[in-house]
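24 is the number that the UniProt record's numbering gives to position 24 of the sequence shown; each next residue is one higher, with no gaps. Beta carbons are placed, not taken as given, at the ideal position from N, Cα and C, and that holds for glycine.
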Amino acid sequence: MRIIVTGGAGFVGTLLARRLLAGPVAIGGAAPVSVDELYLVDLAALPPDVAADPRVRPVTGDLPLLLGDSASPHLPGDADAIFHLAAVPSAGAEADFELGMHTNLHGTLAVLDRARRQVRTPVLVFSSTLAVFGTDPATGPAAGPPSPLSDGTLPTPQSSYGSQKFAAEQFVADYTRRGFVRGRCVRLMTVVVRPGKPNAAASSFMSGIIREPLAGVRAACPVPDDTPIALSSPSRTLEGILRAAAVGDGDWGSRTAMNLPALTTTPREMAAAMDRVAGRAVSDLIDWTDDPAIGAIVRSWPAVVDTPRARTLGLLPVESFDDVVREYLGGAG
């Protein structure tokens with residue numbers, strides 16, 4: 001079996017690559033089989049353990065340019081599955097409109113066109129985002145507890161990142177309708193806790209206020225401590241991506257996009273959970289600041305998500321933020 005992963009050197013991409021290499025995987029309702037070739041496309045270098053696997057084919061370069069070259073010697077003719085994870089995240093796409101369009105929209109179109117040229121139709125899993133939803137800018141967030149987001153809620157993105165991802169979802173749906181791909185768009189929640197350095201996502205602080213204090217380093221929280229947010233752990237996110245690829249077309253259904261499960265919490269509750277798991281007041285290292293630009297983006301995202309379609313596929317949210325902290329400390333992320 002041959003698989004392509006774009007964004008293969010990123011955090012989620014690396015988790016996915018390691019799982020794909022670890023044992024048999026199911027694709028599109030078929031029985032699990034082992035991966036023979038894994039093409040990992042990214043601008044960055046792969047982690048050494050992933051790059052060392054003889055089944056891995058690193059492909060380095062700009063996504064639209066690489067996939068737009070039908071004669072590229074670095075990419076296979078046909079793939080059984082394509083996981084399209086490459087993206088410029090929220091704050092980065094807001095700060096650099098051209099870069100966001102190039103990667104998030106035109107990059108997705110390049111992936112879809114590459115898939116369309118295949119002899120056999122691949123399963124294509126596209127990592128979309130909660131940011132396709134947003135509050136009405138004329139009214140702002142409603143007073144009181146946040147209203148639940150359902151599978152039938154109409155996306156109304158209020159950021160360039162969310163708009164680019166939602167536009168890409170529509171092309172995945174159309175290419176699926178035309179029979180070019182077997183598309184599945186999974187709308188990821190904010191993934192916490194990400195190791196390493198902060199990235200250009202507006203949600204980056206959600207990992208930072210856990211990761212840095214646990215390492216004895218101060219961290220800033222740019223939103224009020226009672227701001228409701230929806231998030232997921234790395235392991236539950238990976239589970240959702242793999243499940244989307246595994247099921248048959250009938251089980252996935254005719255609607256290509258699906259919301260993944262989320263835990264609703266607040267920065268205050270996250271800090272308290274970190275202290276409980278760590279056994280000491282590490283949250284004293286959090287600086288509670290206010291960044292209006294980040295706050296506006298975060299408050300535009302839904303914080304309560306009801307996901308009956310995901311539950312039907314056996315996908316459930318992480319039970320508590322204590323579990324998220326334990327996963328991070330245990331090295332699962």
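(message) Using a Cβ distance threshold of 8 Å, determine whether the region 159 to 178 contacts the region 74 to 90, with at least three qualifying pairs required.
(response) The answer is yes - the region 74 to 90 touches the region 159 to 178, with three or more Cβ pairs under 8 Å.
(request) Kindly say whether residue 210, judged by its beta-carbon, lies nearer than 7 Å to any beta-carbon of chain C. (result) The chain labelled as chain C is not found in the depicted structure, where only one protein chain is given.
(request) Measure the alpha-carbon distance for residue 324 versus residue 119 and round it to whole angstroms. (result) Their backbone Cα atoms lie some 42 Å apart in a straight line.
(message) Closest to residue 11 by C-alpha separation, out of 89, 24, 315, 316, would be which residue?
(response) In terms of Cα proximity to residue 11, the closest of 89, 24, 315, 316 is 89.
(request) Return helix, strand or coil for residue 287, following the three-state DSSP convention. (result) Of the three classes helix, strand and coil, the one that applies to residue 287 here is strand, per DSSP.
(message) Going by beta-carbon coordinates alone, are residue 267 and residue 221 separated by less than 7 Å?
(response) Yes, Cβ-Cβ distance for residue 267 and residue 221 is below 7 Å.
(message) When you compare the CB positions of residue 125 and residue 245, do they come within less than 7 Å of one another, or not?
(response) A distance below 7 Å separates the beta carbons of residue 125 and residue 245.
(request) Would you identify the three-state DSSP class for residue 183, choosing helix, strand or coil? (result) Looking at residue 183 - three-state DSSP - the assignment turns out to be strand.
(request) Would you mind giving the Cβ-Cβ distance between residue 178 and residue 258, rounded to the nearest angstrom? I have them listed as a contact below 8 Å. (result) Not quite, the Cβ-Cβ distance comes to about 20 Å (not below 8 Å), so this is no contact.
(message) What does the alpha-carbon distance come out to for the pair residue 172 and residue 5?
(response) Straight across, the Cα-Cα distance linking residue 172 with residue 5 is about 16 Å.
(request) Going by CA-CA distance only, name the one from 312, 48, 305, 295 that's closest to residue 202. (result) Cα-wise, what sits closest to residue 202 is 295.
(message) What residue range does the beta strand (DSSP E) around residue 57 cover?
(response) Taken as a continuous stretch (DSSP letters only), the beta strand (DSSP E) holding residue 57 covers 56 to 60.
(request) Keeping to the same chain, check which residues put their C-beta closer than 7 Å to that of residue 139; ignore five residues upstream and five downstream. (result) Because the pLDDT at residue 139 is just 44, under 50, the model does not fix this residue reliably, and the value given afterwards should be weighed accordingly. Hits under 7 Å: none found.
(request) Determine the extent of the alpha helix (DSSP H) in which residue 322 is found, giving its start and end residues. (result) Per DSSP, the unbroken alpha helix (DSSP H) holding residue 322 starts and ends at 321 to 329.
(request) Label residue 239 either buried or exposed according to how many other C-beta atoms from any shown protein chain fall within 10 Å of its C-beta, with 16 as the threshold for buried. (result) With a threshold of 16 other beta carbon atoms within 10 Å, residue 239 meets it and is buried.
(message) One question on the structure: do residue 206 and residue 260 come within less than 7 Å of each other, judged by their Cβ atoms?
(response) Annotated as distal: residue 206 and residue 260, with beta-carbon spacing of 7 Å or more.
(request) Ignore the nearest five residues each way along the sequence and tell me which others in residue 106's own chain have a CB closer than 7 Å to its CB. (result) Apart from the 5 residues on each side of it in sequence, residue 106 sits with its Cβ closer than 7 Å to the Cβ of 64 in its chain, given in chain order.
(request) Could you have a look at residue 129 and say whether DSSP puts it in helix, strand or coil? (result) In the three-state reduction of the DSSP assignment, residue 129 falls in the strand class, which pools E and B.
(request) Within its chain, find whatever has a CB closer than 7 Å to the CB of residue 247; leave out the 5 residues flanking it on each side and keep chain order. (result) Taken in chain order, the residues that qualify are 29, 313.
(message) With a threshold of 6 Å on Cβ separation, who are the neighbours of residue 329 within its own chain once the five nearest residues in sequence on each side are excluded?
(response) Within its own chain, no residue has a Cβ closer than 6 Å to the Cβ of residue 329 once the five positions on either side in sequence are excluded.
(message) Along the chain, where does the beta strand (DSSP E) containing residue 43 start, and where does it finish?
(response) For residue 43, there is no enclosing beta strand (DSSP E), as DSSP marks it with neither H nor E.
(request) Use the C-beta contact count for residue 215: other C-beta atoms within 10 angstroms, 16 or more gives buried, fewer gives exposed. (result) By the neighbour-count rule (16 or more Cβ atoms within 10 Å), residue 215 is not buried but exposed.
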